[in-house]
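Below: the structure, in structure tokens.
2 protein chains.
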Amino acid sequence: DIIYVETHDDQETVANTFKKYGFMALPVVDREHRLTGIITFDDIMTVIEDEATEDLQRMAAMVPSEESYLNSGVFQLAKMRLPWLLIFMLGASVTGSIITKFESLLSTYVVLTMFIPMLMNTGGNSGNQSSTLIIRGLATEDVSLEDAGKVLWKEFRISLVVGIVLATVNFAKNMLIDRVGLQVSLTVSATVALIIVLAIMVGGLLPLLAKKLKLDPAIMAGPLITTLVDGLTLMVYFGLASVLLI
Amino acid sequence: DIIYVETHDDQETVANTFKKYGFMALPVVDREHRLTGIITFDDIMTVIEDEATEDLQRMAAMVPSEESYLNSGVFQLAKMRLPWLLIFMLGASVTGSIITKFESLLSTYVVLTMFIPMLMNTGGNSGNQSSTLIIRGLATEDVSLEDAGKVLWKEFRISLVVGIVLATVNFAKNMLIDRVGLQVSLTVSATVALIIVLAIMVGGLLPLLAKKLKLDPAIMAGPLITTLVDGLTLMVYFGLASVLLI
Chain R
1 DIIYVETHDD QETVANTFKK YGFMALPVVD REHRLTGIIT FDDIMTVIED
51 EATEDLQRMA AMVPSEESYL NSGVFQLAKM RLPWLLIFML GASVTGSIIT
101 KFESLLSTYV VLTMFIPMLM NTGGNSGNQS STLIIRGLAT EDVSLEDAGK
151 VLWKEFRISL VVGIVLATVN FAKNMLIDRV GLQVSLTVSA TVALIIVLAI
201 MVGGLLPLLA KKLKLDPAIM AGPLITTLVD GLTLMVYFGL ASVLLI
Chain Y
1 DIIYVETHDD QETVANTFKK YGFMALPVVD REHRLTGIIT FDDIMTVIED
51 EATEDLQRMA AMVPSEESYL NSGVFQLAKM RLPWLLIFML GASVTGSIIT
101 KFESLLSTYV VLTMFIPMLM NTGGNSGNQS STLIIRGLAT EDVSLEDAGK
151 VLWKEFRISL VVGIVLATVN FAKNMLIDRV GLQVSLTVSA TVALIIVLAI
201 MVGGLLPLLA KKLKLDPAIM AGPLITTLVD GLTLMVYFGL ASVLLI
């Protein structure tokens with residue numbers, strides 16, 4: 001068998017072929033499999049690095065740029081950052097409006113407000129860890145779309161372990177340090193466990209879904225996950241509080 | 001001049017030397033500059049990719065692992081994620097306790113609560129974008145420690161552009177859609193502008209500081225920035241509200 005790459009292949013695919021075989025150069029062929037040139041390892045080193053940079057920029061909600069940081073102007077760098085910041089700023093307003101729906105609950109149990117940042121933070125971080133691992137796995141072809149079932153089942157079991165550990169630590173802290181009483185401690189800890197499971201599943205599922213839809217999985221990262229999980233967190237928290245406290 | 005790498009060089013440094021010169025192989029010498037072997041481009045492709053993966057895992061608050069995702073067990077993957085999740089969960093409690101300090105302000109101006117998720121989200125995202133660019137720039141040697149002054153001055157000007165744009169959009173939304181009145185709209189929008197400047201400066205400064213202290217800049221990313229910025233956001237918000245509303 002002859003190993004080759006095609007003129008229309010994505011540069012990430014070409015880089016993965018190089019890594020797989022360790023060759024110094026590969027033939028490039030057109031759609032009729034006619035040789036059109038060769039590509040060498042030194043081109044590929046730059047590609048591997050540029051692809052990682054591009055993924056990172058997407059994951060931090062930036063419009064990717066190939067220009068080096070020091071050579072980019074202030075407005076050019078601002079333009080990379082503004083579109084998604086604006087979208088997420090407006091998106092997060094939805095999260096805020098959930099709070100206003102539960103104003104009466106919050107005014108009865110003022111102590112609940114105190115745990116909102118911790119819950120949103122923990123949910124966002126758990127989902128972020130999961131999506132980062134899957135996005136990177138898909139980019140390096142360590143994980144493929146056929147593994148989706150296996151990945152989600154693994155993430156689910158991980159989420160149970162992580163959820164139980166964090167909920168237990170939180171429960172001890174709520175009871176012994178915050179001293180907020182059994183009912184509130186149970187509400188907050190149950191939210192911790194539940195939101196970790198949900199966040200990890202969202203973080204695992206979205207990159208796979210993006211891949212399936214032929215979008216770049218790197219867009220399903222940190223800021224998007226955080227915004228979604230923030231909303232989920234408040235709904236779970238106020239939902240559980242409505243049941244457990246009233 | 002002979003280009004070589006040393007046995008004690010970090011693999012990231014070696015990868016950067018390869019990229020710089022595009023050689024197929026480089027001599028490796030010991031501390032007395034005696035030849036101990038050679039290193040070839042195919043080793044380096046793996047290194048470039050592994051380093052990017054490691055940085056990504058650190059940036060998502062995970063303990064880096066070289067094991068492939070599918071070959072790692074559930075408990076192994078949970079163990080990568082738990083330490084930082086626990087630390088940030090406890091760290092975010094501090095943020096929560098800031099809220100309790102301003103309970104009376106919040107009960108007078110209940111509407112303020114509604115904007116907390118949006119403010120924390122926007123601050124976290126802005127800081128995250130900035131830290132991602134600087135961390136990546138340091139890793140690829142596109143940015144060096146000597147550029148610190150230039151980088152921070154650039155980030156400051158970017159933060160003014162981003163801050164003014166987002167604050168303006170937010171002000172229009174507060175007045176026309178949320179209809180929360182001039183005073184609250186001004187308070188929220190001034191917080192947006194101020195927290196973006198602070199978050200971008202924190203996001204730009206911390207990776208440079210880590211590099212200076214010979215730590216991996218990748219630890220100064222998303223989750224840490226988010227936790228710090230969440231606290232800053234609440235202090236700025238309640239501080240401004242105390243001045244502008246009462």
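Heads up: the protein sequence lines correspond to chains R and Y, in order.
Note that the numbering used here numbers the first sequence so that position 23 is 23, with each residue one more than the last.
Note that the numbering used here numbers the second sequence so that position 212 is 212, with each residue one more than the last.
The beta-carbon is built from N, C-alpha and C at its ideal position, and this holds for glycine as well.
{"query": "Per DSSP, cross-strand counterpart(s) of T40(R)", "result": "A25(R)"}
{"query": "Sub-9 Å separation of G124(R) and V197(R) beta-carbons", "result": "no"}
{"query": "Chain R contacts made by the segment 54 to 70 of chain Y, where a contact means CB separation under 9 Å", "result": "D55, L56, Q57, M59, A60, A61, M62, S68, Y69 and L70"}
{"query": "Exposure label - R31(R); buried when at least 16 CB within 10 Å", "result": "exposed"}
{"query": "Within chain R, partners of A78(Y) - CB distance below 7 Å", "result": "I158, V161 and V162"}
{"query": "Sequence ranges, alpha helix (DSSP H) only - wholly within the segment 117 to 174 of chain R, length at least 4", "result": "148 to 173"}
{"query": "Residue range of the alpha helix (DSSP H) that includes P83(Y)", "result": "V74 to K101"}
{"query": "Endpoints, alpha helix (DSSP H) assigned at I225(R)", "result": "G222 to L245"}
{"query": "Contact set between the segment 99 to 112 of chain R and chain Y, restricted to residues whose Cβ is under 9 Å from the partner", "result": "I99, T100, E103, L106, S107, V110 and V111"}
{"query": "Positions along the segment 8 to 28 of chain R whose CB lies within less than 7 Å of some CB in chain Y", "result": "F18, K19, G22 and M24"}
{"query": "Neighbour flag for L205(R) against chain Y, beta carbons, 9 Å", "result": "no"}
{"query": "Under the three-state DSSP convention, the category L35(Y) falls into", "result": "strand"}
{"query": "Within 9 Å, strictly: CB atoms of L138(R) and S144(R)", "result": "yes"}
{"query": "Inter-stretch contact (C-beta, 8 Å, three-pair minimum) for the segment 176 to 188 of chain R and the segment 149 to 163 of chain R", "result": "no"}
{"query": "Contact belief for D142(R) with S65(Y) at Cβ below 8 Å, rounded distance in angstroms", "result": "With a Cβ gap of about 12 Å, D142(R) and S65(Y) do not count as contacting."}
{"query": "Stretch-stretch touch, CB-based, cutoff 8 Å, three pairs: the segment 55 to 65 of chain Y with the segment 209 to 224 of chain Y", "result": "yes"}
{"query": "Proximity winner among L86(R), T122(R) and E103(R), relative to T233(R) (alpha-carbon distances)", "result": "T122(R)"}
{"query": "Extent of the continuous alpha helix (DSSP H) to which L182(Y) belongs", "result": "L182 to K212"}
{"query": "Whole-angstrom distance between F18(Y) and E12(R), CA atom to CA atom", "result": "20 Å"}
{"query": "Chain-ordered neighbours of T122(Y) on chain R, where CB pairs are closer than 9 Å", "result": "L85, F88, M89 and A92"}
{"query": "Candidates V161(R), E155(R) and F115(R): closest to I134(R) by CA position", "result": "E155(R)"}
{"query": "Buried versus exposed call for N128(R) [16 or more other C-beta atoms within 10 Å across all chains shown]", "result": "buried"}
{"query": "Backbone CA spacing between E49(Y) and S131(R) [nearest angstrom]", "result": "18 Å"}
{"query": "6 Å Cβ shell around V236(Y) - same chain, five flanking residues per side excluded", "result": "T191, L194 and I195"}
{"query": "Within 8 Å of chain Y by C-beta, residues of the segment 137 to 153 of chain R in sequence order", "result": "G137, T140, D142, V143, D147, K150 and V151"}
{"query": "Option nearest H33(Y) by Cα separation, candidates E6(Y), K20(Y) and L26(Y)", "result": "E6(Y)"}
{"query": "Cutoff 8 Å; reference V29(R); Cβ partners in own chain excluding five residues on either side", "result": "Y4, V5, E6, T7, L35 and T36"}
{"query": "Integer-rounded CB distance, given that S126(Y) should sit under 8 Å from V162(Y)", "result": "6 Å"}
{"query": "Beta-carbon proximity list for K212(R), same chain, < 7 Å, skipping 5 on both sides", "result": "L145"}
{"query": "Beta-carbon contacts of L166(R) that lie in its chain and below 7 Å, excluding the five residues immediately before and after", "result": "T122, V192 and I196"}
{"query": "Segment contact, 8 Å Cβ cut-off, at least three pairs: the segment 75 to 93 of chain Y with the segment 39 to 49 of chain R", "result": "no"}
{"query": "Amino acids of chain Y, ordered along the chain, whose beta-carbon sits closer than 8 Å to that of Q183(R)", "result": "Per Cβ cutoff of 8 Å: no residues; Q183(R) is ~18 Å from chain Y at best."}
{"query": "Interface residues of chain Y facing M220(R) [CB-CB closer than 8 Å]", "result": "Residues of chain Y passing the Cβ test: none, with the nearest at roughly 13 Å."}
{"query": "CB contact flag (R157(Y), V74(R), <9 Å)", "result": "yes"}
{"query": "S189(Y) vs K173(R) beta-carbon contact at 9 Å", "result": "no"}
{"query": "Burial state of L215(R), where buried means 16 or more other Cβ atoms lie within 10 Å", "result": "exposed"}
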